[in-house]
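K.L.:
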Amino acid sequence: DVLRESYCHTGEKKAKTRIQDVLMRGQNILVQVAKEGRDAKGPSLTNALSIPGRFLVLMQGHGSAVSRKIEDESERKKLKDIVAGFNLPDNLGLIIRTAGVGRNKNELQKDLQMLLKVWEKIQNSVNDETMTAPYLLYQEPDLVVRTVRDHYSSDTSQIIVDNNDSYKALKDFARMVMPTTRNLVKLYKETKPLFSEYKVEEQIESIYKRSVPLSSGGSIVIDIGEAMASIDVNSGKTKGGLDLEETAATTNLEAAKEIARQLRLRDLGGLIVIDFIDMYQKKNKAAVEKELKLA
21 DVLRESYCHT GEKKAKTRIQ DVLMRGQNIL VQVAKEGRDA KGPSLTNALS IPGRFLVLMQ
81 GHGSAVSRKI EDESERKKLK DIVAGFNLPD NLGLIIRTAG VGRNKNELQK DLQMLLKVWE
141 KIQNSVNDET MTAPYLLYQE PDLVVRTVRD HYSSDTSQII VDNNDSYKAL KDFARMVMPT
201 TRNLVKLYKE TKPLFSEYKV EEQIESIYKR SVPLSSGGSI VIDIGEAMAS IDVNSGKTKG
261 GLDLEETAAT TNLEAAKEIA RQLRLRDLGG LIVIDFIDMY QKKNKAAVEK ELKLA
């Protein structure tokens with residue numbers, strides 16, 4: 021993947037661009053690994069560079085854009101108006117990530133400043149005549165730091181790690197990028213494995229099960245087909261004092277939360293059909309719909 025401005029123009033008009041018209045032997049070119057190598061295939065490279073941050077992605081090009089996943093038009097306009105006031109170099113642009121929703125100008129500006137420092141460091145290395153290609157100019161943070169960067173939210177109460185190096189890396193990252201979260205990073209020192217302590221392995225195993233139990237006594241059954249994923253909500257035994265409508269509403273509300281969680285854990289998308297337990301009262305139907313949207 022090569023930017024058009026990187027082409028070596030010969031003045032000749034050809035029906036199809038050949039690789040020798042784009043690159044010359046011995047030419048130095050700044051590239052980024054877009055896809056890791058696998059088996060006998062080498063890595064896929066691009067010179068359309070992009071550097072992801074907490075809320076923004078800095079990229080080569082002009083103008084700014086908002087992630088397609090941000091569907092609220094008022095939020096899209098607000099974010100566009102904020103970044104329109106940023107003083108970006110002419111050859112750089114921005115993409116606002118979904119994590120940028122609800123962020124103010126100051127938060128986005130800080131993220132941009134960090135990305136510009138990384139970009140400046142890369143450019144300084146490129147211009148360093150003592151470096152000979154091929155040479156590693158910049159490497160993304162490790163998986164632990166990237167996970168926190170991409171998935172941290174206001175709902176996060178603790179970030180627990182059981183590795184000293186990861187702990188230090190997260191502390192440094194939090195200090196630079198998310199200073200208010202620095203005290204949330206904890207080092208786990210117990211002898212019992214971290215995943216066992218917090219029953220993570222049990223949750224991982226659950227994503228391979230067709231049926232998921234609910235604490236109310238009901239369950240959800242997930243079937244994945246070629247055209248769609250179908251989810252059926254089943255009720256448990258009616259508890260004393262609850263009529264059928266109350267039981268259905270209680271089970272459906274719990275199921276709505278768990279379904280949203282299972283969709284994320286199983287990385288399910290596309291067409292999803294959910295068969296909730298029948299309810300007759302409009303307020304209960306509205307409550308379940310609202311719960312599913314919030315989840």
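Heads up, the sequence shown is in our numbering, so the first residue is 21 and it goes up one at a time.
C-beta atoms are modelled at their ideal positions from N, C-alpha and C, and glycine is treated no differently.
So what does DSSP say about Gly113, is it helix, strand or coil?
P.N.:
Here residue 113 is taken as the residue at index 93 of the sequence shown, counted from 1. Three-state DSSP puts Gly113 in a strand.
K.L.:
Give the DSSP-derived three-state secondary structure of Ser173 in the structure shown.
P.N.:
One-based indexing of the sequence shown puts residue 173 at position 153. Here Ser173 sits in coil by DSSP.
K.L.:
Give the single residue among Val53, Lys100, Lys219 and Asn107 whose Cα lies nearest to the Cα of Ile90.
P.N.:
On the sequence shown, position 70 is the one that residue 90 refers to. Comparing Cα-Cα distances from Ile90 to each of Val53, Lys100, Lys219 and Asn107, the minimum goes to Lys100.
K.L.:
Assign Arg58 to one of three DSSP states: helix, strand, or coil.
P.N.:
Here residue 58 corresponds to residue number 38 of the sequence shown, with the count starting at 1. Three-state DSSP puts Arg58 in a strand.
K.L.:
Could you pull out every unbroken beta strand (DSSP E) segment of at least 3 residues lying fully inside the segment 150-231, listed in chain order?
P.N.:
179-181 and 205-207
K.L.:
Let me confirm a value: Asn203 is counted as buried when at least 16 other C-beta atoms fall within 10 Å, else exposed. Which label applies?
P.N.:
For the purposes of this step, residue 203 is identified with residue 183 of the sequence shown, where counting begins at 1. Under a 10 Å Cβ-count criterion, Asn203 is classified as exposed, with fewer than 16 other Cβ atoms of the shown protein chains found around its own Cβ.
K.L.:
If you draw a straight line from the alpha carbon of Leu214 to that of Gln178, how long is it in whole angstroms?
P.N.:
Residue 214 sits at position 194 when you count from the first residue of the sequence shown. Residue 178 sits at position 158 when you count from the first residue of the sequence shown. Rounded to whole angstroms, Leu214 to Gln178 spans 13 Å at the Cα level.
K.L.:
Pull up the CB-CB distance for Ile294 and Ala268, whole angstroms please, since I reckon it's below 8 Å.
P.N.:
Locating residue 294 in the sequence shown gives position 274, where the first residue counts as 1. Locating residue 268 in the sequence shown gives position 248, where the first residue counts as 1. No, Ile294 and Ala268 are not in contact; Cβ-Cβ is about 14 Å, not under 8 Å.
K.L.:
If the criterion is Cβ atoms closer than 8 Å, does the pair Arg74 and Met198 meet it?
P.N.:
Here residue 74 refers to the residue found at position 54 of the sequence shown. Here residue 198 refers to the residue found at position 178 of the sequence shown. Less than 8 Å divides the Cβ of Arg74 from the Cβ of Met198.
K.L.:
Examine the Cβ distances between the segment 266-280 and the segment 229-242 and report whether three or more of them are shorter than 8 Å.
P.N.:
yes
K.L.:
Under the three-state reduction of DSSP, which class applies to Asp41: helix, strand or coil?
P.N.:
By 1-based counting over the sequence shown, the position of residue 41 is 21. Looking at Asp41 - three-state DSSP - the assignment turns out to be helix.
K.L.:
Can you list, in chain order, the residues of its chain whose CB lies under 8 Å from that of Arg230, leaving out five sequence neighbours each side?
P.N.:
Numbered from its first residue, the sequence shown carries residue 230 at position 210. Hits under 8 Å: Val241, Ile242 and Asp243.
K.L.:
Give me the DSSP bridge partner(s) of Asp243.
P.N.:
Indexing the sequence shown from 1 puts residue 243 at position 223. BP columns for Asp243 point to Ser250.
K.L.:
Compute the beta-carbon to beta-carbon distance between Glu332 and Glu217, rounded to the nearest angstrom, for a pair I have assumed lies under 8 Å.
P.N.:
In the structure as shown, the chain starts at 21 and stops at 315, and residue 332 therefore has no counterpart that could be examined.
K.L.:
So is Arg38 buried or exposed if we call it buried at 16+ other beta carbons inside 10 Å?
P.N.:
If you number the sequence shown from 1, residue 38 lands on position 18. Looking at its Cβ environment, which holds fewer than 16 other Cβ atoms inside 10 Å, Arg38 is exposed.
K.L.:
Round the Cβ separation of Leu65 and Gln52 to the nearest angstrom and send it over; I've been treating them as touching at under 8 Å.
P.N.:
Position 45 of the sequence shown, counted from the first residue, corresponds to residue 65. Position 32 of the sequence shown, counted from the first residue, corresponds to residue 52. The Cβ separation is near 7 Å, so the contact holds.
K.L.:
Under a three-way DSSP split, which group does Val51 fall into?
P.N.:
What you label residue 51 is simply residue 31 of the sequence shown in a count that begins at 1. Correct three-state label for Val51: coil.
K.L.:
Name the two residues that bound the continuous alpha helix (DSSP H) containing Asp131.
P.N.:
Position 111 of the sequence shown holds residue 131. Note, Asp131: alpha helix (DSSP H), Lys125 to Val146.
K.L.:
Please list the terminal residues of the continuous alpha helix (DSSP H) segment that includes Gln301.
P.N.:
Here the question's residue 301 lines up with position 281 in the sequence shown. Premise fails: Gln301 is in no alpha helix (DSSP H) and is neither H nor E.
K.L.:
Would you list the residues sitting across from Gln65 in a DSSP beta bridge?
P.N.:
Residue mapping note: residue 65 aligns to position 45 of the sequence shown, counting from 1. Residue identity differs from the one stated: residue 65 is Leu in this sequence, not Gln. Val53.
K.L.:
Use the C-beta contact count for Ile49: other C-beta atoms within 10 angstroms, 16 or more gives buried, fewer gives exposed.
P.N.:
Along the sequence shown, one-based indexing puts residue 49 at 29. Classification for Ile49: exposed.
K.L.:
Grouping DSSP H, G and I as helix and E and B as strand, with all else coil, what is Leu314?
P.N.:
Position 294 of the sequence shown holds residue 314. Note: Leu314 maps to helix in three-state DSSP.
K.L.:
Could you tell me whether the Cβ atoms of Val181 and Val164 are closer together than 8 Å?
P.N.:
Here the question's residue 181 lines up with position 161 in the sequence shown. Here the question's residue 164 lines up with position 144 in the sequence shown. Their beta carbons are under 8 Å apart, which means Val181 touches Val164 by this criterion.
K.L.:
Less than 8 Å between the C-beta atoms of Ala249 and Ile292, yes or no?
P.N.:
Within the sequence shown, the letter at position 229 stands for residue 249. Within the sequence shown, the letter at position 272 stands for residue 292. Yes, the pair counts as a contact, with Cβ atoms nearer than the cut-off.
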